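K.L.:
Residue numbering for the sequence shown follows the working numbering, beginning at -5 and increasing consecutively.
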Amino acid sequence: MEKRCSECSEPTLAQSLCTLCNKWLCYQCTDVHQHQRPSVPSQYSDLHPQQRTSSIQCPDLHQKGSSSLPPNGQGPGSYPCSLLMCHSHRQEPLELFCESCDLLCCSSCHLSSHKNHRVVQTGKALQDQQWLFENLMVQVEERRSAVENSAKQIEDRLHGVKIAHRKAENQIKMAKMIMMNELNKRANLLIEQLEKISEDFQQGLEDQLQGAIEACSQLDHVQKFITWAMTHHCRGPVLFSRALVSFQMQQLLDQPLSSDSCSPLKIKFNWDASYWTKHISSFGQLTVEGGNCAYPQGLACSSILRPQPVTCLSLPPVCHRGREPGYWLPGLL
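Structure (structure tokens):
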């Protein structure tokens, strides 16, 4: 007749019988069902009730899964509260650790499947593992301290980069202001020169215009005088003033006309746009020292250069025409 597992809530075919508590167990319950190995046969009857009490935990362990780890809270070098039992040798506890296979084994397995392997007691293995963990903790702490120091250095460098960026930006703005001031000075100087040249030519032309107006007035006066003399037949005054009148009329007719010899005035602003564009493209340079990043060749300079004074292209010399002498006409009779 098939036996059922006495620990499972559902009907499960039993695979083994625990001789200490006389319970039929399935395969999974067998893995988690544990008893301490009795030291002497006379203690079997005394230990058996305690084993039955400890076997009550089998359903909980079965629900959690077939875990083979000992309970927490065990100190290094000490055995767990309940030793794991060997799968092959049901009555043998797993009190040895095979370092070659990295597995727990019993004394019978040590003589069979783990023969000639490196086998130590579980307490010794736990001590070795604790020593390894302690060394790892020391290394981890040292590594953490080094990483924290590195992070602090990175933060300091990041702050330094921000400060350097702000400083270089202020230098660029200062250079821009200097260049703008110099450019404004040069532009104002050129405008002053233009005003001076224009005023000189305007004054000369205004003087010529005033002279032409006066000459026209005198010629008009002469025409009126001749018309009056011929109309009223004033022979006496005309005869007495004939030489003076003829001289003044001839002087008016002999005056040169300056407007024919004056060429139109042209004022231009000459500058080479390509020259200034080429030179403004090399305005200022940046230098990067330190760090492990690669930068373009244009940035690999010795230092941040301040703007140097640039000589501007001057206007070609303009010939200043002298003022034409004013016309002087003596009064007519």
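We put the beta carbon where it would ideally sit given N, CA and C, even for glycine.
Bear in mind the structure is a predicted one, so any value in this text is a computation, not a measurement.
Three-state secondary structure (DSSP) at residue 78?
P.N.:
Three-state DSSP puts residue 78 in coil, outside helix and strand.
K.L.:
Could I get the ranges of all uninterrupted alpha helix (DSSP H) runs contained in the segment 80 to 111, with 4 residues as the minimum, in chain order?
P.N.:
Correct list: 101 to 105.
K.L.:
Alpha carbon to alpha carbon, what distance is there between residue 275 and residue 169?
P.N.:
Roughly 14 Å separates the two Cα atoms.
K.L.:
So, at 6 Å on beta carbons, what are the nonlocal neighbours of residue 39 in its own chain, with the 5 sequence-adjacent residues on each side left out?
P.N.:
For residue 39, the predicted structure reports a pLDDT of 31, less than 50, and the residue's modelled location is therefore unreliable. The matter cannot be settled from this model.
K.L.:
One question on the structure: do residue 166 and residue 278 come within less than 8 Å of each other, judged by their Cβ atoms?
P.N.:
Result yes, Cβ atoms of residue 166 and residue 278 sit closer than 8 Å.
K.L.:
Give the range of the beta strand (DSSP E) segment to which residue 19 is assigned.
P.N.:
From DSSP, the beta strand (DSSP E) with residue 19 extends over 17 to 19.
K.L.:
Could you tell me whether any Cβ in chain D is nearer than 8 Å to the Cβ of residue 120?
P.N.:
Of the protein chains in this structure there is only one, and it is not chain D.
K.L.:
Measure the CB-CB distance between residue 90 and residue 115 and report whether it falls below 8 Å.
P.N.:
Taking 8 Å as the Cβ cut-off, residue 90 and residue 115 qualify as a contacting pair.
K.L.:
Does DSSP put residue 11 in a helix, in a strand, or in coil?
P.N.:
Strand, per DSSP.
K.L.:
Is DSSP giving residue 221 helix, strand or coil here?
P.N.:
In the structure shown, residue 221 sits in a helix (DSSP, three-state: H, G or I).
K.L.:
Mark residue 128 as exposed unless 16 or more other C-beta atoms lie within 10 angstroms of its C-beta, in which case mark it buried.
P.N.:
By the 10 Å Cβ count, residue 128 comes out exposed.
K.L.:
Hey, how far is the Cα of residue 247 from the Cα of residue 240?
P.N.:
Answer to the nearest angstrom: the Cα atoms are 11 Å apart.
K.L.:
Using DSSP's beta-bridge definition, name the partner residues of residue 115.
P.N.:
90, per the DSSP bridge assignment.
K.L.:
Report the rounded CA-to-CA distance for residue 148 versus residue 132, giving the unit in angstroms.
P.N.:
Taking the straight line from one Cα to the other gives about 24 Å.
K.L.:
Please state whether DSSP places residue 6 in a helix, a strand or coil.
P.N.:
Three-state result, residue 6: coil.
K.L.:
Of the residues 6, 5, 24, which one's Cα is nearest the Cα of residue 14?
P.N.:
That would be 24, whose Cα lies nearest to the Cα of residue 14.
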